[in-house]
Every structure is written in C-alpha cells, then in structure tokens.
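Structure first, commentary second.
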Amino acid sequence: MTTRIMLLLTALFSYTLTFGQTQVGIIKDPEWKLIASYDSKFGNTLNLSDNSMAMIVSIPKVDFAITNIDHNLSQKWLTPLNGYPLAIGKFKNNILVIAASDRAFLKSFSGAYKAYLLEEKTGKILSEKVIYEGNKDFIEEPDFFFAQDGSYFRMSVRLTSMKRKVTVFAVSKSDKSYRSTQGFSIINYDANLNQREIVEPRMPAGDIWTLSNGTDGSLFIATVDNKGGTISAATYISSNTDPLKVVTIPFDVRKGKEVRSIMSTSGRKPFINYLAVVYENTEKDVTLLTSRIDFKDGTSKVAKEIFDKKHIKELEKSFIPVNKKFDDLQFSKIEFLGIKHIDEYGDKLLVGVSPSFVQSSKYGSVTFDGSLLMNIYDQNLKRQYHQFLPRTYMSLDGEGSKIAYSLKDNKLRMVANMRSGSFSSVSSLYGEMDFTTGKMFKTTKVPDKDIKGGFYVNTESVTWLDNSFILPYFDKQRVFRTTIDVQMQLLNY
C-alpha cells in the first residue's frame, strides 16, 4: 500500500512539473506600492548579478524608493530617493537611477534630471548628480539607454513644439504640437556621469524614426520616407553629428499611406542592426518587412511577408495547440497588425506581430490585443518557422499587453496576459517552446488562486532567475489614485 501511494504521489508530482508551474513564494501585501503615473516604457525592475532584482517603488513620506528582492522574495534593502523616477539600469557594476525634479506629471517632466548611483549589494548611495537641465518653455520627450553589461549610459532628448503651460489635462501624445520635433539630441556620459558629448545627429530625411543602441556603444537611427518609398538606416559614433554610414532600403509602400508600425534592435555582433516595419503595399496588402543591416560593408538583406487572406488561412491551419484550452486564435483583424517585439536570441531573430486596436467611447478607451505570431529567422534572414501564442487581451492604454521572453537551454519561455471572461477578469498564460524547431512544449495558465482579482502581470518587469521567475502583479490604475497596489509571485520552471 505504501509503495502504491508513493508511486501515485510521484506520478502526480511529475504531472505538476510537466503541465504547470509550482508557486514557491508570494508577497500579498507589501509595505510598498507603485507610483500610479510612472512611465513604464523604461521599465521599473532590474536584474542584478546575484540572482536578485531591484525595483522602483512608492513608500510613505518620501518621493520614491529602490528595493532589492532576492530569489526567495525576501527584501534585502530599501533606499529612499527624491524626485520623480524615470529609469533604472546598470552602470559600471552599480545601479543607476534617473529622476526628474518636477513631479507635475500633468505637465510632463521638467526641471533638472538627477542621477543616483547605488551599490548593488547594499543599496548605499555612492553618488548623486544633476545630469541634465530641462527646457523651461517646451515639453521634452526623454529616453535612456543602458548597456546590458553596464559599460555605457546615454540619454536622448526630443524637443517637441508643445509649450509648457498650466493645465488640468494630461499631455496628449496625439496632439500635433507634441508629435512635431524642434530638435533631437544624444547625450553621452563618462564614468563619473559628466556629459562627455552632446550630439545633434543629422538624420536622413523621413517622417518617422526608430532608434536602437549597439552592444559596442554605437547608435542606430532608421527613418521612413513614405513619399519616396525608402527606409534609411544610419549608424553614428558618439562624437560625430554626421552618420558614419547610411544604408537605404526601398519598399513598396502604397501612395498616401503611412507606416503602421516600426521597431528596431541591435544585433549581438558589432555594426549589425535589425529593423521591422508593417505597412500597406501597392497591392493594398498588409506587409511585414524585416531587414538585417550590416554597416561594415553597407549592405542589407530583406525578408517580406504579405498577409493576404490565403496566407492568413495557411497560418491558422498550421497551428496545432499543445493544450486545447488555449486554441482560440484571434488573428483575423490584419488591418490592425503591429510589431510587438523584435530581438536576437542566440543565433536567431524573433519578430513578434499581432493585431491591436483601440476602441473609444464616452466611458474611455480600451485596447484590444489578439494572438501573437512569432516569426523566427536565422542571422541571414532565412525564415525558420512560424508559431502562435494564442491569447486575447483587453486593457486600459495597453498596460500589460506585451509578452515577456527568456531563452535558456534552447527553450524559449513566455508569459502573456489574457482575458479571462469579463474585462476586469485577467489571467496569465505561460508557454515553453523548442527554439530550434518551434514545437510548443506547453501552454498553461499561471496559478493565480492567491492573486487578487483584476490584477495583471506587468510583463515588462518579469524577472527571470536561474531556476525560477518572479511575476509582479499590478492593480489597474484608478482615477485620482497616486499609488498602485502590487503583489509578487515566485514560480519555478
């Protein structure tokens, strides 16, 4: 009898590991919260070298703080800081935090931008310095770039044509004056966070642009000229205003139509850049153009995928769900197709696309996201395979709509939010895929019996550890709330 019970328990335990994750820790009601209006495009967590994470949080009586959470969800240290947090990253084996002095979010960021350098193990403030003085008359759009190995830090500033003025309304990023650009600057910093160079790069002609940074510190800017039907990609060295080299790529955009989506990323090899663009071609078909640009010899390779009705049916027919509970493909609204992700993993390039659109009413706006199609290429842009991650998701302003990825031992792991009935009901999907063949090993629901209703995984802040991962759950933003409730969940693979 004892042997039978042991065999049954062993089988049950094996089933749990094969078809779902085991929750090994949870923080239900932490002493800290999040700042409600924090701009999450820069991310609010940072993976550290000791298999722990640093996180931007809100605590009473101070502007904000950085907390350190280890692989067991234990808090190691908490460091209060002043200002309005903008970004967190690695710099010279330490933690670098950027904050604006003006916390008036409705007027966008202004005043001085301060950098805090914290010791990774203790959270001790090593130094603090004002690194930028904001424009007093016009609203600026800052961006921050950290090398993964901490070797460099730079900041970009886009000066808009929108004047700063007291208003009860938040800045509208769809406003023509906000989208209009008066100037664009790149600021490079030395090891002591002094401004080493300020460069106003001369960019090729174009209507929109995307920017990425190389692992060697080089800078890439790609612009799109809709009227001329060209994409121009340029690379710069830190001290030069003029590009070191420009590569031009023609594309068959339909006359009078704008590019629908654009995204770029730098390759792991020096002077390699990848670019993905979704547009409507001259035959009125939605098209994905993916390009590999080699700035060493000024060449480019291009792969095109046309999403006509025939191709969409072929894609949907090829999908074989590994779990029948997750077999509902929502990929038909191709007119809203956009790029969700582009990055190099190992020796392959992943470009993720999905339909996404905003529906507005007198009660507000809701963003709808469909299933994700992953396009996998080798380093020469030869397509390897397609694979779907089936999900449908509704959110306010797209919060939690991105997908988290991690590649280890040739296994691509993914976490995505999905609708679970009503709008307020959210659950999360965990998937594992063979990155060589595209075969899905599993798709399963993340265990959420301990998670409060309405909370969603902030996928941009998922922390992948050696044998486990941490999911931060955020409550939805509420009107007039200054903080957001948080839960943290630790799961094993």
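The sequence shown begins at 454 in our numbering and counts up by one.
Quick reminder that beta carbons are idealized off the backbone N, C-alpha and C, glycines included.
Compare the Cα-Cα distances from Asp781 to each of Phe789, Phe772 and Ile787 and report the closest residue.
-> Measuring C-alpha to C-alpha distances from Asp781 to each of Phe789, Phe772 and Ile787 identifies Phe772 as the nearest.
Is it buried or exposed for Arg607, if we count other Cβ within 10 angstroms and need 16 for buried?
-> By the neighbour-count rule (16 or more Cβ atoms within 10 Å), Arg607 is buried.
Cβ pair count under 8 Å reaching 3, the region 778-798 against the region 822-836 | In short, these stretches touch, since the Cβ pair count reaches three.
Among Phe673, Pro654, Asp669 and Arg655, the one whose alpha carbon lies nearest that of Thr663 | The residue with the shortest Cα to Cα distance from Thr663 is Phe673.
Using the C-alpha atoms, what's the distance from Asp862 back to Val899?
-> Whole-angstrom Cα-Cα distance: 22 Å.
Between the beta-carbon of Ser609 and the beta-carbon of Asp596, is there less than 9 Å?
-> Contact flag set, yes.
For Ala553, which beta-bridge partners are listed by DSSP?
-> As computed with DSSP, Ala553 is found in a beta bridge with Tyr537 and Tyr566.
DSSP puts Met941 in a beta bridge; with which residues?
-> Partner(s): Ile480 and Pro925.
Beta-ladder partner(s) of Lys582, from DSSP | According to DSSP, which records beta bridges pairwise, Lys582 is partnered with Ala568.
Determine the direct distance from the alpha carbon of Asp555 to that of Phe927, and round the result to whole angstroms.
-> Taken atom to atom, the span from the alpha-carbon of Phe927 to that of Asp555 is near 25 Å.
Just the Cα atoms here: how many angstroms apart are Phe810 and Asp850?
-> Distance between the alpha carbons of Phe810 and Asp850: 10 Å.
Mapping DSSP to helix, strand and coil, what is Phe558?
-> Low confidence applies here, because Phe558 scores a pLDDT of 46, under 50, leaving its location unreliable; read the following figure in that light. Phe558: helix per DSSP, three-state reduction.
Run of the alpha helix (DSSP H) containing Tyr605, from where it starts to where it stops | Unbroken run through Tyr605: none, as it is neither H nor E.
Write down every uninterrupted run of the alpha helix (DSSP H) in the region 725-784 whose length is 4 residues or greater and which is fully enclosed by it, in chain order.
-> Taken in chain order, the whole alpha helix (DSSP H) runs of length 4 or more contained in the region 725-784 are 762-771.
So, are the CB atoms of Ile509 and Leu487 less than 9 Å apart?
-> Their beta carbons are under 9 Å apart, which means Ile509 touches Leu487 by this criterion.
Three-state secondary structure (DSSP) of Arg611 = The answer is strand: DSSP assigns Arg611 an E or B state.
Secondary structure at Phe704, three-state DSSP: helix, strand or coil?
-> Residue state, collapsed to three classes: coil.
Would you report the Cα separation of Thr746 and Ile702, rounded to the nearest angstrom?
-> At residue 746 the sequence reads Ile, which differs from the Thr that was named. Distance between the alpha carbons of Ile746 and Ile702: 9 Å.
Specify, as a first and last residue, the run of the alpha helix (DSSP H) that Ser527 falls within.
-> Run containing Ser527: none; DSSP gives neither H nor E here.
Alpha carbon to alpha carbon, how far is Val910 from Leu571? Give it in angstroms, no decimals.
-> Each residue's alpha carbon lies about 27 Å from the other.
Tell me which same chain residues have a C-beta within less than 7 Å of the C-beta of Leu534, skipping the five on either side of it?
-> So the list reads Asp516, Phe517, Ala518, Ile519, Val550, Ala552 and Tyr569, once near-sequence residues are dropped.
Neighbour-count burial assignment, Leu579, 16 or more Cβ in a 10 Å radius | By the neighbour-count rule (16 or more Cβ atoms within 10 Å), Leu579 is not buried but exposed.
Pull up the CB-CB distance for Arg611 and Phe637, whole angstroms please, since I reckon it's below 8 Å.
-> At roughly 5 Å, the Cβ-Cβ gap stays under 8 Å, so Arg611 and Phe637 are in contact.
The alpha helix (DSSP H) spanning Tyr631 covers which residue range?
-> Segment Lys629 to Arg632, the alpha helix (DSSP H) holding Tyr631.
Expected contact under 8 Å - CB spacing of Ser615 and Tyr631 to nearest Å = For the record, residue 615 in the displayed sequence is Met; it is not Ser. Going by Cβ atoms, the distance from Met615 to Tyr631 rounds to 5 Å, so yes, they are a contact pair.
Pick out whichever of Gly884, Asp831 and Tyr883 has its Cα sitting closest to the Cα of Asp800.
-> Closest by alpha carbon: Asp831.
Is the region 710-718 close to the region 652-666, with three or more CB pairs under 8 Å?
-> Flag = yes, the region 710-718 and the region 652-666 touch.
DSSP-derived helix/strand/coil call for Ile787 = Looking at Ile787 - three-state DSSP - the assignment turns out to be helix.
Can you tell me which of the three DSSP states Thr912 falls into?
-> Looking at Thr912 - three-state DSSP - the assignment turns out to be helix.
Contained beta strand (DSSP E) runs [length at least 3] in the region 648-712, N- to C-terminal order | Counting whole runs of 3 or more residues, the region 648-712 contains the beta strand (DSSP E) stretches 648-652, 661-666, 672-678, 683-689 and 698-703.
Measuring alpha carbon to alpha carbon, tell me which of Asn525, Thr575, Gln528 and Lys708 ends up nearest Asn547.
-> Cα-wise, what sits closest to Asn547 is Thr575.
Excluding the 5 residues preceding and the 5 following Ile479 in the sequence, name in chain order all residues of the same chain whose CB lies nearer than 6 Å to its CB.
-> Excluding sequence positions up to five before and after Ile479, its CB lies within less than 6 Å of the CB of Asp903 and Gln942, all in the same chain and listed in chain order.
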